[in-house]
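Here's the structure, in structure tokens; my notes come after.
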Amino acid sequence: MADKKIGEYYSPPVKMGKWEGFKKFLWNSETSQCLGRTGSSWAKILLFYIIFYAALTGFFAAIFTVFYQTLDNEKPKWMLDNGLIGSNPGLGFRPMPPEANVESTLVWYESSKKDNYQYWVDETARFLKSYEDEDKQNHVNCSFEHPPPEGKVCGVEASSFAPCTIENNFGYHVARPCIFLKLNKIYNWIPEIYNDSKTLPDHMPEELKQHIKEKQQLRPNETGVVWVSCEGENPADVENIKARDYYPRMGFPRFYFPFKNIAGYIPPIVAVQFTVETGVLINIECKAWARNINHDRSDRRGSVHFELMVD
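Counted from 1, the sequence shown has number 19 at position 19 by our numbering; the numbering is strictly sequential.
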């Protein structure tokens, strides 16, 4: 067999140290490679990614443009039963417990200690201030005979909740705290009012039935109201609530509805002042009443639950 030349055999690369190998990886002067690629190779891959991401950006821009063309800044695309919110408003209450007790619905204070009940006074005042700070350019004074004209909304006067005012500490310095109730806003929802005492539901509280009957007889033009009732949940709770007073009326007037997302709109509120037995925990459930409001405590529809305790 003829002897093979030395050049025909594989010659292993020259062994280099870590630092020398790294420097050669950064720049190989023999092959003109940077980071393992030549200049033309880097140019090709850079051009590919520029085109790829430009096309990707253009695709998503086109998708979002088409998507936003289907939206209306003034109203939701899907409304009432067609939307996720549905057509059954929920009921909320203020003041809420501190954020540290975010899951709590307990209003508890000592009426003899100002530093103890002051939180509830400040929290209620902060809630009402949001109504005062609202843009009032489109506000008009409304009544049952004079609903707001097109493009205008009804205002809410803080003085209408007297004696539930900050001057009276909202009743927290005594065992007569004021709880404010409001309906959640649902675009274009129109309440179907209970304004006939002969067609009231059987499960409606007797106190509210009597109130509607009196209104129908004395002031029939003022029965256009989404009525509100607050009751103790158990017999012991009913016994420990000595009185309930509603300001400015026992519900939300119909002229505040529907919500049309007009600038300056503020949802109506009702102040309920409770006179309660001290030293006991009282479970309270408040409900809003209209023919198209169903009550479901588990889904928080049409009602709200909270506990009240005054020491």
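Think of the CB as a built atom: it goes at the ideal place given N, C-alpha and C, for glycine as much as any other residue.
Would you mind giving the Cβ-Cβ distance between His139 and Gly264, rounded to the nearest angstrom? I have them listed as a contact below 8 Å.
6 Å
Would Glu123 and Met96 qualify as a contact pair, given that the criterion is a beta-carbon distance under 8 Å?
In this structure, Met96 lies closer than 8 Å to Glu123 by Cβ.
Ser229 by DSSP, collapsed to three states: which one?
strand
Does the distance from the CB of Asn319 to the CB of Asp237 come in under 8 Å?
With the chain running from 1 to 311 in the structure shown, residue 319 is simply not present.
Who pairs with Tyr194 in a beta bridge, going by DSSP?
According to DSSP, which records beta bridges pairwise, Tyr194 is partnered with nothing at all.
Bridge partners of Arg37, per DSSP?
Cys34
Determine, using beta-carbon pairs with one atom in the region 106-126 and one in the region 216-227, whether at least three such pairs fall under 8 Å.
no
Which of helix, strand or coil DSSP assigns to Asp135
In the displayed model, Asp135 falls within coil according to three-state DSSP, outside both helix and strand.
So, at 7 Å on beta carbons, what are the nonlocal neighbours of Phe255 in its own chain, with the 5 sequence-adjacent residues on each side left out?
Cys142, Phe144, Pro147, Pro148 and Cys154
Quick check on this structure: which residue in Ser197, Asn188 and Asn88 has the alpha carbon closest to the alpha carbon of Phe257?
Asn188
Roughly how many whole angstroms lie between the Cα atoms of Pro163 and Ala175?
14 Å
Below 8 Å CB to CB, which residues in the same chain sit around Phe127 once its five sequence neighbours on both sides are set aside?
Taking C-beta separations shorter than 8 Å and ignoring five residues to either side along the sequence, the partners of Phe127 in its chain run Arg94, Pro95 and Phe180, following chain order.
Candidates Arg301, Ile293, Pro235 and Val228: which alpha carbon is nearest Ile269's?
Val228
Three-state secondary structure (DSSP) at Val272?
DSSP places Val272 in strand when its eight states are reduced to three.
Outcome for Asn234 when other beta-carbon atoms lying within 10 angstroms are tallied against a minimum of 16
exposed
Helix, strand or coil: how does DSSP classify Gly251 here?
Note: Gly251 maps to strand in three-state DSSP.
Which residues DSSP lists as bridging Ser87, in chain order:
According to DSSP, Ser87 shares a beta bridge with no other residue.
May I ask you to report which of helix, strand or coil DSSP gives Lys287?
strand
Using alpha carbons as the reference points, say which of Pro177, Tyr194, Arg249 and Gln216 lies closest to Glu277.
Among Pro177, Tyr194, Arg249 and Gln216, the Cα nearest to that of Glu277 is on Pro177.
Assuming contact is defined by CB atoms lying nearer than 8 Å, are Pro248 and Phe161 in contact in what I supplied?
yes
Where the alpha helix (DSSP H) through Lys215 begins and ends:
Taken as a continuous stretch (DSSP letters only), the alpha helix (DSSP H) holding Lys215 covers Glu206 to Leu218.
What residue range does the alpha helix (DSSP H) around Val238 cover?
Pro235 to Asn240
What residues are listed by DSSP as bridge partners for Lys182?
Paired residue(s): Gly92 and Ile269.
Could you tell me the boundaries of the beta strand (DSSP E) in which Leu71 lies?
In this chain, Leu71 is not harboured by any beta strand (DSSP E), its DSSP state being neither H nor E.
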